[in-house]
Amino acid sequence: MSSVEETSKNFSCSACKREYSSYKTLKQQANRKHPGQANNLAPNIRDSKIYQFKCDLCTYKYNDLYSLRFHMRKMHNVENINESRRKCTLCTYESSKEEMLLHFQEVHDVKIENVELSFIDFEAFNEWKNGTEKETKNKFIVKREATSLQNGEKPHFVCHCSGDYISKGKGLRHLKTQGSNKIDGYYPAEIKVFVSETGACSIKF
1 MSSVEETSKN FSCSACKREY SSYKTLKQQA NRKHPGQANN LAPNIRDSKI
51 YQFKCDLCTY KYNDLYSLRF HMRKMHNVEN INESRRKCTL CTYESSKEEM
101 LLHFQEVHDV KIENVELSFI DFEAFNEWKN GTEKETKNKF IVKREATSLQ
151 NGEKPHFVCH CSGDYISKGK GLRHLKTQGS NKIDGYYPAE IKVFVSETGA
201 CSIKF
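Using the UniProt record's numbering, the first residue of the sequence shown is number 1, and each one after it goes up by one.
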C-alpha cells in the first residue's frame, strides 16, 4: 500500500512521488488526486508524529508555519515568532527560554540560582527592588500586567538589560556590572511576585 513519507525538506507522496512543502498541502492533493487512497495516505503522517514546526513556549507542534503563527498569536500573544526565541549573551546560540537556561548551565557552566523572599507589603518589596537595582545597575520592569488570582495577584518583572548592547566581555557577571543598560542577548534575571489578599508579598528572584 502506498504511504506518505517525509523528506528532509518536505512531504512526499509515495503514490505519485510528488513532493509538497506541508502536510496540509499534501492532504489536499491526496484528496484531489488519490481519492481512493487519501484516507490511507494522510493519517500515516499523523500517526508517525513527525512535525516541522514546534512552539518554543509550550509543547504544541504543527506541520505548517501558518498554524504555528496562529497558535503563537492566540495562545501566547506573540505576533512575531522570533520574539519567542532568546539569544545567548555568550555565543550565537538561540532557543526558547527553558532551553536557554539549560544552555547557560551545560555549555557555559553558569549556574542560575533562585532566591525566595517575603515582604510585609508591596512598598517593602519596592524598597528592596530599588536597592537591588542600584547594587546591580540593572532595572527591572513589568513584563505584563499583574495576573489576578483567586487569592491575590501575580505581577512579573524582567531585567531591562536584555536587548541590543554589544558586549566585549565574556561572562554574565561582567555583563551585569559593567554599567550598560543593554546586553547583546537574553539575560535570565527576573522577579516573580505574588501579592496576597492581605497585601503581603512573596517573590522568586
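Backbone N, C-alpha and C define an ideal beta-carbon position, used for all residues, glycine too.
Treat the numbers as computed from the prediction; the structure is a model and nothing was measured.
Buried or exposed (CB count within 10 angstroms, at least 16 for buried), residue i
i	result
residue 56	buried
residue 63	buried
residue 206	Since the first residue shown for the chain is 1 and the last is 205, residue 206 is missing from the structure and cannot be characterised.
residue 91	exposed
residue 195	buried
residue 58	exposed
residue 138	buried
residue 70	exposed
residue 171	Note on residue 171: pLDDT 40, under 50, position unreliable in the model; the coordinate value appears next. Exposed, because fewer than 16 other Cβ atoms sit within 10 Å of the Cβ of residue 171.
residue 155	buried
residue 68	buried
Pair within 9 Å by beta-carbon distance, residue i and residue j
i	j	result
residue 11	residue 114	no
residue 142	residue 157	yes
residue 86	residue 100	yes
residue 88	residue 96	no
Range of the contiguous beta strand (DSSP E) that encloses residue i
i	result
residue 68	Where residue 68 is concerned, there is no enclosing beta strand (DSSP E), although the alpha helix (DSSP H) it sits in stretches over 65 to 76.
residue 195	190 to 196
residue 204	201 to 204
residue 123	Not the beta strand (DSSP E): residue 123 falls in the alpha helix (DSSP H), residues 122 to 136.
residue 117	116 to 119
residue 12	11 to 13
Close Cβ partners of residue i (< 7 Å) along its chain, the five nearest in sequence each way excluded
i	result
residue 199	121 and 122
residue 176	For residue 176, the predicted structure reports a pLDDT of 40, less than 50, and the residue's modelled location is therefore unreliable. A value from the coordinates is still provided. The residues are 136 and 138.
residue 93	103
residue 133	139 and 140
Cβ-based neighbour list, residue i, same chain, cut-off 8 Å, excluding 5 preceding and 5 following
i	result
residue 112	101, 104, 105 and 188
residue 20	10, 11, 12, 13, 26 and 29
residue 128	117 and 119
residue 124	201
Test: residue i CB closer than 9 Å to a CB of chain D
i	result
residue 125	Note that chain D does not occur in the displayed structure, where there is just one protein chain.
Cβ neighbours of residue i in the same chain (closer than 6 Å, five flanking residues each side left out)
i	result
residue 202	118 and 194
residue 190	158
Residue interval of the alpha helix (DSSP H) (run including residue i)
i	result
residue 102	97 to 107
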